[in-house]
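Report on the following structure.
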Amino acid sequence: MNLFRATSQSPAVHLQDARRRFVRAGTALLSGMLSAGGVAGHALAATPPVDAQAWLSRAAAAARTASYSGVYVYTCAGITESARVTRVRSASGDAERIESLDGSRREVVRRGDEIHYFFVDAKTVRVDRRVSGRSFPDFLPQDPSTLAAHYAIEAGPVDRAAGRPVQVVRLRARDGSRYTQEIWADQQSGLPVKRRVIDEKGETVEQFVFTELSVGERLNPRQVLPSRRTGYAGWTVENTSVEEVRQPAPARGADATAGQAFPEPRVLPAGFRKLTHVSRTLPGHERPVLQAVYSDGLATLSVFIDPDVARVSGHEGASQRGAVGVIARAAGDRAVIAVGELPSAMLRKVAESIGPFPAR
Amino acid sequence: MKDVSALMDGELERRRVGSTINRLEGQDELRDAWATFHVIRDALQGNAAGSARFIEKFHERLEQEPVAAVPRWRARLPRLRTMLLGGAAALVCAGLLAWLLAGGRAWAPVAAPGSGPFVDGGLNDSVAIEYAMAHRQLVPAFVAGPAPEGSAVTPAAAVPGSAR
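Chains as they are written, first to last, in numbering that gives the first Met the number 0: chain X, 0 to 359; chain E, 0 to 163.
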């Protein structure tokens with residue numbers, strides 16, 4: 000709509016005409032707004048229920064495909080930390096940089112599945128391959144409809160987080176084997192801007208929330224480079240080797256000494272499937288440990304079989320930090336360590352269902 | 000490719016070094032190979048002397064490559080490894096690590112109800128953190144929680160059972 004069309008009229012007439020047109024346009028605009036409001040009001044009265052599953056799918060897709068940059072705050076077991084995260088996606092690549100903003104200076108640079116941890120104060124860089132880790136805000140499975148078997152997916156209210164309107168989606172655990180989670184999905188982009196993990200008592204055991212966020216902007220790939228460009232003299236590099244174990248898994252409870260076969264736990268929470276099975280060398284370990292990762296699509300569980308039982312002898316037990324529990328026990332001449340975002344009672348059942356191992 | 004390998008091993012004839020470097024500057028694929036060889040060599044050597052150079056190379060490589068180059072590197076890695084190791088075993092992990100997390104904020108012990116193999120009280124912090132870290136990659140609290148006490152890393156001491 001051009002309010003000030005060029006004409007051959009005198010300036011005064013032109014102005015008068017323009018004013019008339021402006022008033023007419025304003026009236027039309029106002030009436031349009033009122034009528035749209037009427038429609039909206041009508042729609043509100045008959046709003047269909049929010050499709051929580053669709054929101055979850057949208058959040059998963061956004062977390063997988065969006066480029067974003069922001070600062071999030073992580074709260075867990077009374078500890079609060081903040082980190083700046085930048086993730087750049089392109090058609091064939093995925094890179095991410097996370098930088099700690101509290102405490103010691105740490106940076107994580109991930110390209111594909113390769114992770115470099117820079118511990119700046121300690122002048123150490125560790126090179127690792129991603130096995131189980133999925134980081135906020137990309138933590139949902141590709142097809143979140145698979146979660147419905149073990150979580151009741153419910154729509155919550157429209158809320159605000161990171162200065163944005165968001166839709167809350169609740170994933171209520173259908174049994175006591177896992178935690179309930181809540182996700183705040185950005186209404187505009189779908190990206191999860193907040194995640195809360197809730198235990199059986201209704202208490203928050205872990206939370207991530209963006210305090211600043213920009214989504215979908217064109218980001219420079221340099222933003223996902225380590226901040227330190229030079230001056231690495233005196234630094235130490237630690238390499239972690241990870242080898243995928245390709246042998247088919249043996250029957251549950253089978254002997255771990257049979258090649259690299261993984262001694263499957265006889266007890267797993269319902270819906271947990273094995274994602275991967277690797278042999279990896281952890282820093283400080285002389286011999287590789289076996290790690291199997293299981294998941295119900297949302298929570299993950301790792302079971303480690305360490306051939307060096309001395310690592311846990313004398314300090315077997317359980318620890319919990321926010322949502323993450325660790326249980327270590329000696330099983331014959333091996334150590335069994337179960338780690339996961341599971342209630343400790345469930346984790347304990349898993350750890351106790353592995354072995355025994357015949358003496359080597 | 001073979002020239003790159005030889006250059007790294009210091010075996011390339013002097014007169015050919017210049018042309019190989021020129022080609023490195025001009026070809027993405029060779030530059031990938033260069034970076035990859037450094038990674039592999041450092042992993043194999045456990046990297047004492049080579050670490051500083053490796054990271055600088057790593058950085059240069061990141062800067063020069065578009066993000067999209069990641070899959071090419073990953074696809075090539077097994078072939079390079081086979082070439083270098085003659086199909087031998089996995090990369091060797093070097094050195095002991097102190098988990099920088101160790102010695103920091105304590106984990107809450109979980110009371111062990113009933114009998115069982117678990118000691119009441121709680122798992123040793125550094126063991127818990129070590130495995131939590133291995134499980135939960137990329138999550139800040141486990142990627143490295145607090146600053147190590149006294150800051151300087153004392154690799155052998157921080158992880159029980161790792162001093163040998």
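Backbone N, C-alpha and C fix where the C-beta goes; we use that ideal spot for every residue, glycine too.
task = State the start and end residues of the unbroken alpha helix (DSSP H) segment that holds V349(X).
result = S343 to E351
query = CB-CB under 6 Å to G155(X), same chain, minus the five flanking residues each way: which ones, in chain order?
reply = V167 and R169
query = Using 8 Å as the limit for Cβ to Cβ distance, is G258(X) near chain E?
reply = Only weak support exists for where G258(X) lies, its pLDDT of 48 falling under 50; the coordinates are left without a value.
ask   = What span of residues does the beta strand (DSSP E) with R163(X) cover, start to end?
value = R163 to A172
inquiry  = Contact criterion: CB-CB distance below 8 Å. Does A255(X) meet it with respect to chain E?
reply    = Model confidence at A255(X) stands at a pLDDT of 42, short of 50, so the residue's coordinates are unreliable; what they give is reported in the following sentence. A255(X) does not count as touching chain E.
query = When you compare each of V192(X), F118(X), T179(X) and R310(X) to I152(X) by their alpha carbons, which one comes out closest?
reply = T179(X)
request  = Assess, as a yes-or-no matter, whether the region 110-126 of chain X is touched by the region 186-193 of chain X under the definition of 3 or more beta carbon pairs within less than 8 Å.
outcome  = no
task = Give the DSSP-derived three-state secondary structure of D124(E) in the structure shown.
result = helix
CB of P342(X) within 8 Å of CB of D198(X), strictly = yes
D101(X) versus G77(X): straight-line alpha-carbon distance, rounded = 15 Å
ask   = Taking the alpha-carbon positions, what's the V302(X) to V107(X) distance?
value = 24 Å
inquiry  = Which of the three DSSP states is assigned to V308(X) in this structure?
reply    = helix
request  = Give a yes or no on whether the C-beta atoms belonging to A327(X) and V311(X) are separated by under 8 Å.
outcome  = yes
Reference F135(X); option with closest CA among G175(X), W234(X) and R63(X) = R63(X)
ask   = Say the cut is 7 Å; is the CB of S188(X) nearer than that to a heavy atom of the ligand NAP?
value = The ligand NAP is absent from the structure shown, which contains no ligands of any kind.
inquiry  = Just to confirm, is the Cβ distance from G354(X) to P287(X) under 8 Å?
reply    = no
key: Distance between N123(E) and W98(E) (C-alpha atoms, nearest Å)   = Its pLDDT being 28, under 50, W98(E) is placed unreliably in this model, and the value from its coordinates should be taken loosely. Those two C-alpha atoms are separated by around 13 Å.
task = Buried or exposed for A59(X), please, with buried defined as at least 16 other CB atoms from any protein chain shown within 10 angstroms of its CB.
result = buried
ask   = In terms of residues, what are the limits of the beta strand (DSSP E) holding S362(X)?
value = The question about residue 362(X) has no answer, for chain X in this structure spans 0 to 359.
key: Contact under 8 Å by Cβ, R317(X) with R347(X)   = The question names Arg, but residue 317(X) is Ala in the sequence shown. Their beta carbons are under 8 Å apart, which means A317(X) touches R347(X) by this criterion.
task = Kindly indicate if chain E contains any beta-carbon less than 8 Å away from that of A151(X).
result = no
request  = Indicate the three-state DSSP secondary structure (helix, strand or coil) for F356(X) in the structure shown.
outcome  = coil
ask   = DSSP on W396(X), reduced to helix/strand/coil?
value = Here chain X comprises residues numbered 0 to 359, so residue 396(X) is not present and cannot be evaluated.
ask   = Which residues does DSSP pair with G324(X) in a beta bridge?
value = Q319(X) and G339(X)
message = Rounding to the nearest angstrom, what Cα-Cα distance links V338(X) and G233(X) in this structure?
response = 34 Å
request  = Say whether chain E places a C-beta atom closer than 8 Å to the C-beta of F303(X).
outcome  = yes
message = Counting only Cβ pairs nearer than 9 Å, list the residues of chain E close to L55(X).
response = Going along chain E, no residue has its Cβ under 9 Å from L55(X), so there is no contact; the nearest lies around 21 Å.
ask   = For R177(X) and chain E, any beta-carbon pair shorter than 8 Å?
value = no
inquiry  = At the 8 Å Cβ level, is R129(X) part of the contact set with chain E, yes or no?
reply    = yes
inquiry  = Just verifying my parser: in three-state terms, what is the DSSP assignment at P143(X)?
reply    = helix
ask   = Looking at chain E, which residues of the region 309-329 of chain X have a Cβ within less than 9 Å of any of its Cβ atoms?
value = A309, R310, V311, S312, G313, H314, E315, G316, A317, S318, Q319, R320, G321, V323, G324, V325, I326, A327, R328 and A329
key: Under 9 Å (Cβ pairs) to chain E, residues found in the region 279-298 of chain X   = R279, T280, L281, P282, G283, H284, E285, P287, V288, Q290 and V292
task = Give the straight-line distance between the Cα atoms of E351(X) and R86(X), rounded to the nearest whole angstrom.
result = 39 Å
key: Burial state of R272(X) (16 or more Cβ within 10 Å)   = exposed
query = Does any CB atom of chain E fall closer than 8 Å to the CB of G339(X)?
reply = yes
ask   = In this structure, what does DSSP give as the bridge partners for L212(X)?
value = G69(X)
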